[in-house]
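In my numbering, each residue's number is its place in the sequence shown (first place is 1) plus 2. Just below is one structure, and these are the notes that go with it.
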Amino acid sequence: MRCGACQTENRPGVRFCEECGARLEAACPACGAPVPADRKFCGACGAPLAGAAAPATERFASPRAYTPPHLAERILRERSALSGERKQVTVLFADVSGFTSLSERLDPEEVHTLINRAFELMLAEIHRYEGTVNQFLGDGLMALFGAPLAHEDHARRAAHAALGVQRALAGYRDELQTSRGIDFGVRLGLNTGLVVVGAIGDNLRMDYTAVGDTTNTAARMQQIARPSQVVVADATQRLIAPYFELAALGAIPVKGKSQPVAAWELASAKGAVSRLAARLTRGRSPFLGRDDALATLDRAFAAARAGTGQVVFVVGEAGIGKSRLIHEFRRSVGEAAAWYEGECVAFAQSTPFHAIIDTFRRIFGVADRDGEAEIVAKIETAVAALGDEGRDVAPWLRYLLRVDPGDPAIAGLDPAQRRARIVAAIQRFTAAASRQRPIVLVIEDLHWSDSASEDYLKAFAETLPGMAVLLVVTYRPAYAQPFGERTDYWRIVLRPVEDAAALQILRAALAVDDLPRELAEPITRKAEGNPFFLEEIGRTLAETGAVRVENGRLVATAAAATIAVPDTVQDVIAARLDRLAEPQKRTVQTASVIGREFALGLLRRVSGLHDTLEQSLGELKRIELIYERVGLGDLEYVFRHALTQDVAYASLLQSERRRLHALIGAAIEEVHAGRLDERAEELASHYARGEVWERVVRWARVAAERAEALCVDARAVEFYEQALEALRHLPETADTARAGIDVRLAMRASLWRGGQPDRLFARFKEAEALATGVGDTERLDAVYAFFVQYHWARGEQDLAVEYGHRCLERASARDDLGLRVTGLYYLGHAHHALGQWAEAVRVTHDLLSLLEGPRRWERFGLSGLPVAGACAGAAVCLAELGDEAGARAMIERGRLVADEAGHLYSQMVIAAFHGAVLVRAGRGAEAIAVLEPAIPVCREKRFVGQLINALNYLAAAYVLVGRPGDAIAPAEESIALQDRACVSVTQALMHTTLATAHTMLGDFERATAHLASALGFAERQGERGAEGWARLAGAGLARARGDRAAAVRSLDEAQEIAEELGMRPLLEHCRAALAALG
3 MRCGACQTEN RPGVRFCEEC GARLEAACPA CGAPVPADRK FCGACGAPLA
53 GAAAPATERF ASPRAYTPPH LAERILRERS ALSGERKQVT VLFADVSGFT
103 SLSERLDPEE VHTLINRAFE LMLAEIHRYE GTVNQFLGDG LMALFGAPLA
153 HEDHARRAAH AALGVQRALA GYRDELQTSR GIDFGVRLGL NTGLVVVGAI
203 GDNLRMDYTA VGDTTNTAAR MQQIARPSQV VVADATQRLI APYFELAALG
253 AIPVKGKSQP VAAWELASAK GAVSRLAARL TRGRSPFLGR DDALATLDRA
303 FAAARAGTGQ VVFVVGEAGI GKSRLIHEFR RSVGEAAAWY EGECVAFAQS
353 TPFHAIIDTF RRIFGVADRD GEAEIVAKIE TAVAALGDEG RDVAPWLRYL
403 LRVDPGDPAI AGLDPAQRRA RIVAAIQRFT AAASRQRPIV LVIEDLHWSD
453 SASEDYLKAF AETLPGMAVL LVVTYRPAYA QPFGERTDYW RIVLRPVEDA
503 AALQILRAAL AVDDLPRELA EPITRKAEGN PFFLEEIGRT LAETGAVRVE
553 NGRLVATAAA ATIAVPDTVQ DVIAARLDRL AEPQKRTVQT ASVIGREFAL
603 GLLRRVSGLH DTLEQSLGEL KRIELIYERV GLGDLEYVFR HALTQDVAYA
653 SLLQSERRRL HALIGAAIEE VHAGRLDERA EELASHYARG EVWERVVRWA
703 RVAAERAEAL CVDARAVEFY EQALEALRHL PETADTARAG IDVRLAMRAS
753 LWRGGQPDRL FARFKEAEAL ATGVGDTERL DAVYAFFVQY HWARGEQDLA
803 VEYGHRCLER ASARDDLGLR VTGLYYLGHA HHALGQWAEA VRVTHDLLSL
853 LEGPRRWERF GLSGLPVAGA CAGAAVCLAE LGDEAGARAM IERGRLVADE
903 AGHLYSQMVI AAFHGAVLVR AGRGAEAIAV LEPAIPVCRE KRFVGQLINA
953 LNYLAAAYVL VGRPGDAIAP AEESIALQDR ACVSVTQALM HTTLATAHTM
1003 LGDFERATAH LASALGFAER QGERGAEGWA RLAGAGLARA RGDRAAAVRS
1053 LDEAQEIAEE LGMRPLLEHC RAALAALG
């Protein structure tokens, strides 16, 4: 049997719904036998069931019979636009307890009359608030608010209706008690949630499907209510709390939900209540109340125009008027400056340099339809206007805009070097242009910026003092701007406008000279000074016919009394969308899937609205839901407010969203067939939402490679993970497995540079299993090559050596240079960590012999250049052996290669290990001079591994020059970074440095703890060299404590290690310390 409340099919013989608990049976009025609620005659005695659970009169036979004509007309008029949509609704369940028991002592016809009167009273209150009753259930009913008639305040309407039903039936109960001694009570329950609206028939009956437990929870609230009580679930309470008195009832278990639901008793409505500040979207309104902000911008521009660059932050909530202020400022500037502007958009937060690319496309006038030759010509024309200063920047700006740079060497550069050159070119272009004419550069919505654009703007702002440039950025208050504070930084915080300005905005939106107080006060109270909200409310009132203009004065119509002022911007926009004609609404919904901005050609391909599309767009422009953007390519439109797009998108069924996203992805590939790589992020997004998994894999990989090429490693990893997620949806074939291996292998450089070796190890273990499963030995070798690196970093040197030799054997078997290079590189690192200095140097020479000529600039999939890294490591080994000249030679050899390639990461490797060599040589001051400048570079570029090394050796240098207090912070940060990265290969040396520093400071307790940690790491990891230095530090601590015997023991142990490993510097320290002991 199907439950009328929640539509669940139940087992035969049950009396209550097993899903929501609603009653499925009633008693036959003639014989008392149980009967299903939807039957017309008793199966036991054959008596008609007119007086039983469900009313059988024509009055309640179908919704058309009991729905008022004006509501019926609206439902029929709007039904086609609602069918197949997701709608937020509030569900009301009401049950009149006590009537069924009357059938035992009253005539069935009399019972029928009494309950029909109760239904009439309930219907009147529900229809008063434009709810609809879709089903009668036994002695009760279920009503919906928000569908099929859309209301932005459906929860409030449902609450008012529930209280109205409660009052009406209380009066009816009093009447029956007085006249006939009959008592009953009404129990009501409310819940708010999503439903999918199905077909709406001519009889007004609406098919719907609850999303989740929307109706089940409402039914449960009704069941726990006492007679004459209204209980609402927390989803409804959150929406109506400002307007009603409610009392908490505690958490109530609901079948199908893992957690209890908070329930509240609805007691009564409050008086007039001001609305709390709502979250709003951007909007343009008449420019009022912003004179001070505009004056601040004018002052900042005057300073910039005089040659002292300035930065202005414009901060404000969505819809508060940031864009409008910028618009008015542009009018104020006029021709006094070149105006450059760019925009950050939410969907492009994972696209490196999106905001900067957008800015330069606008500067150069590049249109989407432009071919490569046209784009190149526009760039060259623009830079030529700068004279000699612009000649050198053209190739880099061409590369930025993803066209042939004209110089093949650029594509061959390392990503980090290329990115640095591009940034420098952007700055040179701007500086040169500002010398010809002052510049205003506006970047809007920085809270949606990609990290690369954000980093660039931060650095650019610091170069402005000598330029005639005004940088203006807008963002929302929750965003933490990275620029810091300086005297040439201005901050404008936009506040809500005052009441007088609000009234002017509202009058302008309604195009009237006078606004009646009875309309103005509630609107301005709810708007709370947000210009966009005021504008949208005015438009809503006009479009609904709630007001009309007579002789320049606004007059409320009869309909105004039944239309509430919208509570939130989202509700306003949702209500506006629901009032559109079907072709227009479908146009908005389809466009919302494309994005905030959408091209006519693309919309035409996917909408299926060929005959009505342009007419619908014209009407949407007229009512200002969208606007046309002037461009050089295909005609483009933009949603006037981002929230309009959000609301339209949310209304679509998930199946329809998937269909449209897939169509859009295919259309983009067709329209932009010649330039698809630059749309990789967009394609990956559409195909992921459209669940076209093969295309997601392809375009997510392209997007990842593009991000990795610019060293935006975090974004690259996100795209790689997206590709892996897509592969999980594909059949498990050998080709899918190989694709999964390749994605995991490609993550190596980004995750390693980002200091996430354990995450990378997990991905490579998955790759190992996949490669083993399909018998792919070449890919398996790539996995083993990484294991050498991983186990070295984890301090598991025996495993690192084992995998290193395995790689060399497999590389020899098939003459694989890349595998041989990787194996030798980290095999040398492992011998270094074990204190096998001579063996590490020998392996390094083997490696360097393979990388002569152009090969010395290749990375072979590693984060840095193998030549530079190997030379750096060998230099430290030679320094430990006391070969200072050999160490210096190795450093210089590595430095030369890193500088030739312009590879920043490798340059930082050389800097860090040069510092280590100088420390071992006892040249602390020189080490400090090398390491201090390297640390901010490593920090800014997120070169975690080299930051760890540089901090560690800097701390050691501070100790060496007698500054132990300065050593604490860098050493502790280095350890913390290693802990977070789950790396331990140099932990022993770091703790040794801290032990020595704390000994010098007289903090023997901390020194003892760090010494224990140092020895623990060294002994567990077999790092004999590090153990030797730790034993020397232990001798210093023992001597400081006055324990000569312990000091001698530690020195003997350290000297033994030094002699065993040939560590001359350590041996000299030990001998000097023993001599000092006497």
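For every residue, glycine included, the Cβ atom is placed at its ideal position computed from N, Cα and C.
For residue 247, which three-state DSSP category applies?
strand
With distance defined between alpha-carbon atoms, name the residue in 507, 87, 137, 109 nearest to residue 152. 87
*Give the secondary structure of residue 313 by DSSP, where H, G and I count as helix, E and B as strand, and everything else as coil.*
strand
Exercise. Starting from residue 726, trace the alpha helix (DSSP H) both ways and give me its first and last residue.
Key: Going by DSSP, residue 726 is part of the alpha helix (DSSP H) stretching over 715 to 729.
Tell whether a beta-carbon distance below 9 Å holds between residue 135 and residue 120. no
message = Relative to the C-alpha of residue 871, which candidate in 888, 892, 856, 886 has its C-alpha closest?
response = Comparing Cα-Cα distances from residue 871 to each of 888, 892, 856, 886, the minimum goes to 892.
I need the straight-line Cα distance from residue 887 to residue 709, nearest angstrom please. 41 Å
Residue 1035 and residue 1048: beta carbons closer than 9 Å? Residue 1035 is not a Cβ neighbour of residue 1048, given a cutoff of 9 Å.
If you follow the alpha helix (DSSP H) that residue 219 is in, where does it begin and where does it stop?
216 to 226
Looking at the strands, I want to know which residues DSSP matches up with residue 270. 247
So, using beta-carbon positions, are residue 810 and residue 829 closer together than 9 Å?
yes
Pairwise C-alpha distance: residue 988 and residue 796:
9 Å
Check your understanding: If you run the structure through DSSP and keep just helix, strand and coil, what is residue 146?
Key -> In the structure shown, residue 146 sits in a strand (DSSP, three-state: E or B).
Do residue 111 and the ligand NAP come close, with the Cβ less than 8 Å from some heavy atom?
As presented, the structure is devoid of all ligands, the ligand NAP included, so that no description of it is given.
Q) Are residue 990 and residue 1039 closer than 9 Å when you measure CB to CB? A) Result no, Cβ atoms of residue 990 and residue 1039 do not sit closer than 9 Å.
Pull up the distance between the alpha-carbon of residue 968 and that of residue 491, whole angstroms please.
32 Å
Select from 487, 519, 488, 726 the residue whose C-alpha is nearest the C-alpha of residue 502. 519
query = What are the uninterrupted segments assigned as beta strand (DSSP E) that are 3 or more residues long and contained completely in the segment 638 to 705, given in chain order?
reply = You should have 638 to 641.
Determine the extent of the beta strand (DSSP E) in which residue 493 is found, giving its start and end residues. 491 to 495
> Expressed to the nearest angstrom, what Euclidean distance is found between the alpha-carbon atoms of residue 917 and residue 489?
Replying inline: 36 Å
Endpoints, the beta strand (DSSP E) within which residue 948 is located | Counting along the chain, residue 948 falls outside any beta strand (DSSP E), though it belongs to the alpha helix (DSSP H) covering 946 to 962.
Note to self: For residue 642 and residue 598, what's the separation of their Cα atoms in angstroms?
What the structure shows: Those two C-alpha atoms are separated by around 9 Å.
Practice prompt. Starting from residue 1, follow its DSSP beta bridges and name the residues at the other end.
Written response: What the structure shows of the chain is the stretch from 3 to 1080, and residue 1 is not part of that stretch, so it cannot be assessed.
- Please work out which residues of its chain come closer than 6 Å, Cβ to Cβ, to residue 446, disregarding the five sequence neighbours upstream and downstream, and give them in chain order. 345, 476
For residue 256, three-class secondary structure by DSSP
coil
Margin query: Starting from residue 599, trace the alpha helix (DSSP H) in both directions and tell me its first and last residue.
Written below: Where residue 599 is concerned, there is no enclosing alpha helix (DSSP H), although the beta strand (DSSP E) it sits in stretches over 599 to 601.
TODO: Following the continuous beta strand (DSSP E) through residue 231, name the residue where it begins and the one where it ends.
DONE: 231 to 235
(Q) Since residue 1001 and residue 1056 should fall inside the 8 Å C-beta cutoff, what is the C-beta to C-beta distance between them, to a whole number of angstroms? (A) That belief does not hold up - the Cβ atoms of residue 1001 and residue 1056 are roughly 15 Å apart, past 8 Å.
Open item on the list: Whole angstroms are fine: how far does the CA of residue 755 sit from the CA of residue 417?
Closed with: When rounded, the separation of the alpha-carbon atoms in residue 417 and residue 755 is 13 Å.
Could you give the residue range of the alpha helix (DSSP H) that holds residue 763? 759 to 776
**OP:** Run through the segment 872 to 903 for me and flag every whole alpha helix (DSSP H) of 4 or more residues, listed as ranges in chain order.
**Re:** 886 to 903
- Query: Quick one: what does DSSP say residue 473 is sitting in, helix, strand or coil?
  - Reply: strand
Original post:
Using the beta-carbon count (16 or more within 10 Å), is residue 1071 buried or exposed?
Top reply: buried
**Study point:** Sheet register partners of residue 134 (DSSP bridge)
**Key:** 146
* To do: Compare the beta carbon distance of residue 933 and residue 956 with 9 Å and say whether it is the shorter of the two.
  => yes
Mind checking whether residue 873 and residue 899 have CB atoms under 9 Å apart? yes
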